[in-house]
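Below: the structure, in structure tokens.
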Amino acid sequence: MNLNDQEIENVLRSAPKPKALTALRQQLVAQVKLTATKKEAQPMIHSVGLSGWLRRSWPALAPAAVSLACAAVMVSQEVQVRALQQSNRRLAEQRASLQNAARIAPEAAAQLAVDVSEASAAEEKEIARLKVRAGQLGGEVARLEKMQTENEVLSKQPVTPAGLSAEELAALAKAREKALSINCINNLKQIGLAARVWGLDHKDTYPPDFLSMSNELNTPKILVCPAETNRLAAATFAKFTDENCSYELLAPSGSDTEPQRVLTRCPIHGHIGLCDGSVQGEVAKKHPEQLIMHDKKLYLGGY
Numbered sequence: 001m002n003l004n005d006q007e008i009e010n011v012l013r014s015a016p017k018p019k020a021l022t023a024l025r026q027q028l029v030a031q032v033k034l035t036a037t038k039k040e041a042q043p044m045i046h047s048v049g050l051s052g053w054l055r056r057s058w059p060a061l062a063p064a065a066v067s068l069a070c071a072a073v074m075v076s077q078e079v080q081v082r083a084l085q086q087s088n089r090r091l092a093e094q095r096a097s098l099q100n101a102a103r104i105a106p107e108a109a110a111q112l113a114v115d116v117s118e119a120s121a122a123e124e125k126e127i128a129r130l131k132v133r134a135g136q137l138g139g140e141v142a143r144l145e146k147m148q149t150e151n152e153v154l155s156k157q158p159v160t161p162a163g164l165s166a167e168e169l170a171a172l173a174k175a176r177e178k179a180l181s182i183n184c185i186n187n188l189k190q191i192g193l194a195a196r197v198w199g200l201d202h203k204d205t206y207p208p209d210f211l212s213m214s215n216e217l218n219t220p221k222i223l224v225c226p227a228e229t230n231r232l233a234a235a236t237f238a239k240f241t242d243e244n245c246s247y248e249l250l251a252p253s254g255s256d257t258e259p260q261r262v263l264t265r266c267p268i269h270g271h272i273g274l275c276d277g278s279v280q281g282e283v284a285k286k287h288p289e290q291l292i293m294h295d296k297k298l299y300l301g302g303y
């Protein structure tokens with residue numbers, strides 16, 4: 001039996017429709033509703049369980065929470081207490097330091113005042129002594145100048161040996177040389193004193209040359225040895241030159257911190273003046289081996 005497509009389609013459409021079982025349909029619908037109901041009810045069950053757990057655990061959790069809060073407060077207080085203790089220790093140390101400084105400061109100030117007073121008193125005493133000595137030497141200088149003038153007059157007079165023996169003439173010449181040597185020593189002492197007085201106003205440093213201490217020397221005549229025959233004393237320091245000086249200044253800008261250093265020297269007699277103000281007679285002439293040169297400085301006996 002040959003059927004075309006249209007006929008096959010009509011036969012299929014005219015086939016009887018099976019009836020669904022009523023009980024099966026109701027069972028399937030019930031299962032679908034039950035599944036949906038379980039899915040919707042599950043969060044509520046979970047929520048209800050958490051709330052119940054909190055209600056059951058609250059009596060145990062409350063003391064623990066209070067204990068934690070108390071512990072946190074105690075830790076915070078402990079930190080604050082330690083910080084305050086450290087601050088108190090620092091303040092105590094600072095207070096002790098300030099008290100110590102306040103105690104030491106008056107003592108240091110008093111000691112400083114005593115030291116300054118003693119130094120000032122010693123300096124004033126030394127200045128007074130030097131002024132007295134300068135006055136004394138000034139009188140000696142005047143006397144020696146008078147003697148020098150008399151010696152010059154006598155030296156220009158012709159020697160009249162009449163009535164004098166050779167021994168007497170030799171003794172007279174020796175006495176004259178001794179007098180000139182003593183005058184030379186006094187000149188060197190006066191120069192040494194002038195250098196020390198000049199140093200009082202110049203940080204205890206001696207002058208660099210003779211002309212710098214012209215005010216302390218008072219007169220240029222003491223710069224010429226009484227036994228000098230080739231040089232003349234300048235009338236004033238304004239007319240003073242190296243040709244008007246017999247002595248050598250060997251310690252320019254020196255000081256009394258080197259007492260054995262040679263300050264001045266007379267090339268005629270060999271006298272030397274030291275930086276301590278003393279004068280040693282005829283050392284350079286009779287005992288030159290006692291003079292020692294060190295670091296371009298001349299010393300007597302050592303340095």
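Letter by letter, the sequence shown follows residues 1 to 303 in this note's numbering. All residues carry an ideal CB built from backbone N, CA and C; glycine is no exception.
Secondary structure of V224 (DSSP, three-state): coil. For R265 against L250, the beta-carbon gap comes to about 6 Å, under 8 Å, which counts as contact. Between the stretch 90–104 and the stretch 174–185, the count of C-beta pairs closer than 8 Å stays below three; the two stretches do not touch. Under DSSP, G273 takes part in a beta bridge, and its partners are T264, V279. Bridge pairing for E248: R265 [DSSP]. Residue burial annotation: M213 is buried, with at least 16 other C-beta atoms found within 10 angstroms of its C-beta.
Within the same chain, and ignoring the five residues on either side of D209 in sequence, the residues whose Cβ sits closer than 8 Å to its Cβ are L249, P252.
L263 is positioned such that its CB atom lies closer than 8 Å to that of G192. The beta-carbon distance between V224 and A238, rounded to whole angstroms, is 16 Å. This is too long to meet the 8 Å contact definition. The stretch 178–185 makes contact with the stretch 268–281; the number of CB pairs closer than 8 Å reaches 3 or more.
Residue nearest to G281 within the set Q290, I292, H269, L291 is H269 (criterion: CA-CA distance). Separation of A284 and Y299 (C-alpha to C-alpha, rounded to the nearest whole angstrom) is 11 Å. In the DSSP assignment, L291 forms a beta bridge with L300.
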